[in-house]
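A.B. asks: Quick note on numbering: the sequence shown equals residues 1 to 363 in UniProt numbering. All C-beta atoms, glycine included, are put in the ideal place defined by N, C-alpha and C. Bear in mind that the values here come from a model prediction, so they are computed numbers and not experimental data. Would you mind keeping the following structure in view while I ask a few things?
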Amino acid sequence: MLITFAGRWFEANTGVVAYDKDTAAKLVFAMMQLNDALHSDLDSDITLTGGVFSFPNRDISSRDFIDAVRSWDRRMEVPDEILEKIYLSIKSEKLAQAADPSVPLREAIISPANMPPRLTTRIPSDVITVQIPAPDPDFGVHLQGQDLLFEPPFLSFAHSNEMSFRVIGNALGTKTAIFARTGANANLYTGIPLSKTFAVERPFMRHTFKVSFTNHAGTARKYLFSVESRTDHMNWASTLEKQITRCRTEMPTAVGPVSPKVRRAAEAVALRVLRDALIVPDENAKGDGGGRGGPPSRSGAGFAGFGRRPGSGNAAGREEADANGGGFGGRGTAKSGHDLLLVVQQNSLIPLVLSFLNVVKPI
Numbered sequence: 001m002l003i004t005f006a007g008r009w010f011e012a013n014t015g016v017v018a019y020d021k022d023t024a025a026k027l028v029f030a031m032m033q034l035n036d037a038l039h040s041d042l043d044s045d046i047t048l049t050g051g052v053f054s055f056p057n058r059d060i061s062s063r064d065f066i067d068a069v070r071s072w073d074r075r076m077e078v079p080d081e082i083l084e085k086i087y088l089s090i091k092s093e094k095l096a097q098a099a100d101p102s103v104p105l106r107e108a109i110i111s112p113a114n115m116p117p118r119l120t121t122r123i124p125s126d127v128i129t130v131q132i133p134a135p136d137p138d139f140g141v142h143l144q145g146q147d148l149l150f151e152p153p154f155l156s157f158a159h160s161n162e163m164s165f166r167v168i169g170n171a172l173g174t175k176t177a178i179f180a181r182t183g184a185n186a187n188l189y190t191g192i193p194l195s196k197t198f199a200v201e202r203p204f205m206r207h208t209f210k211v212s213f214t215n216h217a218g219t220a221r222k223y224l225f226s227v228e229s230r231t232d233h234m235n236w237a238s239t240l241e242k243q244i245t246r247c248r249t250e251m252p253t254a255v256g257p258v259s260p261k262v263r264r265a266a267e268a269v270a271l272r273v274l275r276d277a278l279i280v281p282d283e284n285a286k287g288d289g290g291g292r293g294g295p296p297s298r299s300g301a302g303f304a305g306f307g308r309r310p311g312s313g314n315a316a317g318r319e320e321a322d323a324n325g326g327g328f329g330g331r332g333t334a335k336s337g338h339d340l341l342l343v344v345q346q347n348s349l350i351p352l353v354l355s356f357l358n359v360v361k362p363i
């Protein structure tokens, strides 16, 4: 079994190590011998607790271990630094075998159950909690990962059955966190994953929501919006959901002498006016003679401010928008949440005005 394990490990790391499969197998056996020598007792039952590969000898030093390896690794394919690290690791913690089937396992619970799949670069994640049935001085979890910072990096359950931590991503991209269980009882606990993958994103992606729909031409559109806080995100999500439900369920009704047919026509005109005020029409973007020019597509990302007061937007962004012909009539320029709100409020008066222009002679 150990030879098979060594062979599979070598195949997975063949591009990293500088020795062959036979050397990998011998190194595994050397590690097992060192483990038995440092952690077996003279009066132990060798069939249960140790002594299978070596007699107990806790006086073995790192130099003794390196010399023993050199007896069969005369070409020094395994560097002294690696052997030193192996010695210190095994000395500090015994290599754990599979749990005895007769011993009941202990369940560890992680909250939230689904750890966040995304992180914002250099911003701590929400608190993640690990809970075990009772305090256990012989159990802990080392948290490791390239370009990931953990606060704290080690979870000790010696005095408490519950420990919490945060994750911070220091570089963009996909990162993998390793949850290394440690201690004499490490193999008794279930529920803790061996690893977890996080996608570390830029700060503006922290609170985003996407709006998807099919436009008047039958083309699918997707817009990604970013807001400053979780509260703003929840407000936007709640409001959009209510308005979408309202549009789907409510039917136009007559307002005084204005018929539903007239009202629908007026609303269609108002929607077209609003669309042209905020977004470059596709036919103009394609250069079909509109003469307005603008971005080649409506798809993109924007920054939304929920209920923001006038003048509270980004000053630099406003100056840039004004310099590029921004304002309410600008094409393809960024607008603050207040600007959008004002345009929509003004546009909402169009159906009422158009409807009453047809009161005398309904359509």
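Applying the criterion that 16 or more other CB atoms from any shown protein chain within 10 Å of the CB defines a buried residue, is residue 345 buried or exposed?
C.D. replies: It is exposed - the Cβ of residue 345 has fewer than 16 other Cβ atoms within 10 Å.
A.B. asks: Please state whether DSSP places residue 7 in a helix, a strand or coil.
C.D. replies: If DSSP states are grouped into helix, strand and coil, residue 7 belongs with the helices.
A.B. asks: Only counting runs of 3 or more residues, tell me where the beta strand (DSSP E) segments fall wholly within the region 166-222, in order along the chain.
C.D. replies: As far as the region 166-222 is concerned, its whole beta strand (DSSP E) runs of at least 3 residues are 173-182, 195-201 and 208-214.
A.B. asks: Could you say which of 72, 38 and 111 lies nearest to residue 25 if we only look at CA atoms?
C.D. replies: When only C-alpha atoms are compared, the closest one is 72.
A.B. asks: If you check the beta carbons only, do residue 151 and residue 172 fall under 8 Å apart?
C.D. replies: Cβ atoms of residue 151 and residue 172: not closer than 8 Å.
A.B. asks: Spatial neighbours of residue 233 within its chain, please: CB distance less than 7 Å, with the 5 preceding and 5 following residues excluded, ordered by chain position.
C.D. replies: Taken in chain order, the residues that qualify are 207, 209 and 227.
A.B. asks: With DSSP collapsed to three states, give me the class of residue 1.
C.D. replies: It is coil, neither helix nor strand.
A.B. asks: For the alpha helix (DSSP H) that contains residue 243, what are its first and last residues?
C.D. replies: Residue 243 -> alpha helix (DSSP H) spans 230-249.
A.B. asks: In three-state terms, what does DSSP make of residue 142?
C.D. replies: The answer is strand: DSSP assigns residue 142 an E or B state.
A.B. asks: Quick check: the Cα distance between residue 188 and residue 218, rounded to an integer number of angstroms?
C.D. replies: In a straight line, the C-alpha of residue 188 is about 58 Å away from that of residue 218.
A.B. asks: Express the C-alpha separation of residue 190 and residue 278 in angstroms, rounding to a whole number.
C.D. replies: Looking at the two C-alpha atoms, the distance is approximately 54 Å.
A.B. asks: Considering only the alpha carbon of each residue, which of 129, 53 and 134 lies closest to residue 167?
C.D. replies: Ranking the options by Cα distance to residue 167, first place goes to 129.
A.B. asks: In whole angstroms, what is the alpha-carbon distance linking residue 335 and residue 276?
C.D. replies: One C-alpha to the other measures close to 14 Å.
A.B. asks: Does the beta-carbon of residue 208, which I'm using as the reference point, lie nearer than 7 Å to any heavy atom of the ligand ZN?
C.D. replies: Among the components modelled here there is no ligand, and therefore nothing to report on the ligand ZN.
A.B. asks: Give the straight-line distance between the Cα atoms of residue 2 and residue 10, rounded to the nearest whole angstrom.
C.D. replies: C-alpha separation (whole angstroms): 12 Å.
A.B. asks: What first and last residue would you give for the alpha helix (DSSP H) that runs through residue 55?
C.D. replies: Where residue 55 is concerned, there is no enclosing alpha helix (DSSP H), given that its DSSP letter is neither H nor E.
A.B. asks: Taking the alpha carbon of residue 203 as the point to measure from, which residue in 225, 215 and 40 has its own alpha carbon closest?
C.D. replies: Selected option, being the one with the closest Cα: 225.
A.B. asks: Whose C-alpha, out of 31, 117, 8 and 135, is nearest the C-alpha of residue 106?
C.D. replies: Out of 31, 117, 8 and 135, 135 has the C-alpha closest to the C-alpha of residue 106.
A.B. asks: If you run the structure through DSSP and keep just helix, strand and coil, what is residue 81?
C.D. replies: Helix, per DSSP.
A.B. asks: Please state if the CB of residue 147 and the CB of residue 183 are separated by a distance shorter than 8 Å.
C.D. replies: Taking 8 Å as the Cβ cut-off, residue 183 and residue 147 do not qualify as a contacting pair.
A.B. asks: Looking at the strands, I want to know which residues DSSP matches up with residue 132.
C.D. replies: Answer is none; residue 132 lacks a bridge partner.
A.B. asks: Rounding to the nearest angstrom, what Cα-Cα distance links residue 18 and residue 170 in this structure?
C.D. replies: Rounded to whole angstroms, residue 18 to residue 170 spans 31 Å at the Cα level.
A.B. asks: Using the Cα positions of residue 214 and residue 16, report the straight-line distance between them to the nearest angstrom.
C.D. replies: So the two alpha carbons sit approximately 51 Å from each other.
A.B. asks: Could you spell out where the beta strand (DSSP E) holding residue 156 opens and where it closes?
C.D. replies: Residues 154-156.
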